[in-house]
Amino acid sequence: MTSLYPNDWMAYLGVFTVFVRVLGFFMLVPGFSHKTIPVNIRILLCLSLSLAFYPIVKSSVGAIPGTWGGIVILVLKESGVGLLMGFICYITYEAIHLAAQIVGYQMGFGTAGLIDPQNQSNESLLVPLHSWLALLVLFTTDMHHHLLKLFLMSYVATQKLQIESFSNIETFNLVVNVSGNLFALAIQMGAPFTLMILSCNLVMGVLSRLMPQLNVMLLSFPVTILLGFCGLYLLAPEILDFMSNLLQEMGQNCILLLRTF
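In this note's numbering, the protein residues as written are 7 to 267.
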């Protein structure tokens, strides 16, 4: 036991630094940061993982500063790394929510929304469906274990990390590129539904010219909703494959982030 954990309570500051990075990571990473998980459970999970990770990353943690100022800077660095990794994962994962929002508005669900407890906002009915599907893909493809492995790798990549490294232009460009790619990925996922709904609206416009007595406004809502659900049924395998590839890209973005430090 003494070979894994120190006997001196002051020496547990190393475990605390691991806990700070884990806590920052779990605040934003998909799956573990879901608002439906009680805060006490999340903190207990972070503490348990910190105790489990410490013997593995003990050699990479480095010496703990002897001054309070050095400890504060160390905590800021550890929490910054965890938050940046979680933010990169969160932005990539958020493309699924944005795509579902686009598809929902195209289907006519713009006026019928739900209050999302995760983001505390009004959103389309399809967003919770896509969110739970993405979480199922995340856990069934073992991507959550891959993210934990990347978290352990971060200690090797940040052994010589300084507080000035967070102002690195490469890190800033990576965050900007991932944030900008969010919209491109969402449009790619929602493009088939957008084309289908536009074709439906075009047909409805032609019918309104051919039969002026037809109430196109009342007819278009059920037709677009029916076409949307048919499209979801037919494109379900492709949507799941797209989510799987997107989650793999999430891990690749984390690796690129670690290389910028």
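The beta-carbon is built from N, C-alpha and C at its ideal position, and this holds for glycine as well. This one's a predicted model, so the numbers in the text were calculated from it and none came from an experiment.
Under the three-state DSSP convention, the category residue i falls into
{"i": "G37", "result": "coil"}
{"i": "P218", "result": "coil"}
{"i": "D148", "result": "coil"}
{"i": "F267", "result": "coil"}
{"i": "Q168", "result": "coil"}
{"i": "I70", "result": "coil"}
{"i": "K83", "result": "helix"}
{"i": "T42", "result": "coil"}
{"i": "N187", "result": "helix"}
{"i": "G196", "result": "helix"}
{"i": "L241", "result": "coil"}
{"i": "G20", "result": "helix"}
{"i": "L131", "result": "coil"}
{"i": "G114", "result": "coil"}
{"i": "N207", "result": "helix"}
{"i": "N174", "result": "coil"}
{"i": "M7", "result": "Any answer about M7 is weak, because its pLDDT of 48 lies below 50 and its placement is not dependable; what the coordinates show is given next. Looking at M7 - three-state DSSP - the assignment turns out to be coil, as it is neither helix nor strand."}
{"i": "F248", "result": "helix"}
Status (buried if at least 16 other CB within 10 Å, exposed otherwise) for residue i
{"i": "T23", "result": "buried"}
{"i": "H103", "result": "buried"}
{"i": "V28", "result": "buried"}
{"i": "I108", "result": "buried"}
{"i": "I49", "result": "exposed"}
{"i": "Y99", "result": "buried"}
{"i": "E84", "result": "buried"}
{"i": "H40", "result": "exposed"}
{"i": "L168", "result": "It is worth fixing the name first, because residue 168 is Gln in this sequence and not Leu. With fewer than 16 other Cβ atoms within 10 Å, it is exposed."}
{"i": "F178", "result": "exposed"}
{"i": "I175", "result": "exposed"}
{"i": "G52", "result": "The residue you asked about is not Gly; residue 52 is Cys in the sequence shown. Per the 10 Å Cβ criterion, buried."}
{"i": "Q112", "result": "buried"}
{"i": "G75", "result": "exposed"}
{"i": "L80", "result": "buried"}
{"i": "I47", "result": "exposed"}
{"i": "S137", "result": "buried"}
{"i": "I245", "result": "buried"}
{"i": "G196", "result": "buried"}
Beta-carbon separation (whole angstroms), residue i vs residue j, contact threshold 8 Å
{"i": "G37", "j": "L144", "result": "5 Å"}
{"i": "I70", "j": "C260", "result": "So it is not a contact: roughly 26 Å between Cβ atoms."}
{"i": "M33", "j": "L89", "result": "7 Å"}
{"i": "G86", "j": "F172", "result": "6 Å"}
{"i": "S56", "j": "F31", "result": "In fact, because the Cβ distance is near 11 Å, the residues do not count as touching under 8 Å."}
{"i": "A101", "j": "L191", "result": "4 Å"}
{"i": "M249", "j": "L139", "result": "7 Å"}
{"i": "F199", "j": "G114", "result": "Incorrect: roughly 12 Å between the Cβ atoms, too far for contact."}
{"i": "V162", "j": "S66", "result": "6 Å"}
{"i": "L220", "j": "S214", "result": "6 Å"}
The ligand MG heavy atom lying under 7 Å from the CB of residue i
{"i": "G30", "result": "No copy of the ligand MG occurs in the structure displayed, which carries no ligand at all."}
Inset, instruction - Count the C-beta pairs between the segment 237-255 and the segment 187-203 that are closer than 8 Å, then say yes if the count reaches three, no if not. - result: Taking a contact to require three or more Cβ pairs closer than 8 Å, the segment 237-255 and the segment 187-203 qualify as touching.
Legend entry - Cβ contact (3+ pairs, closer than 8 Å) linking the segment 230-244 and the segment 258-267: no
Inset, instruction - Could you tell me whether the segment 55-65 touches the segment 149-165, using the rule of 3 or more Cβ pairs below 8 Å? - result: yes
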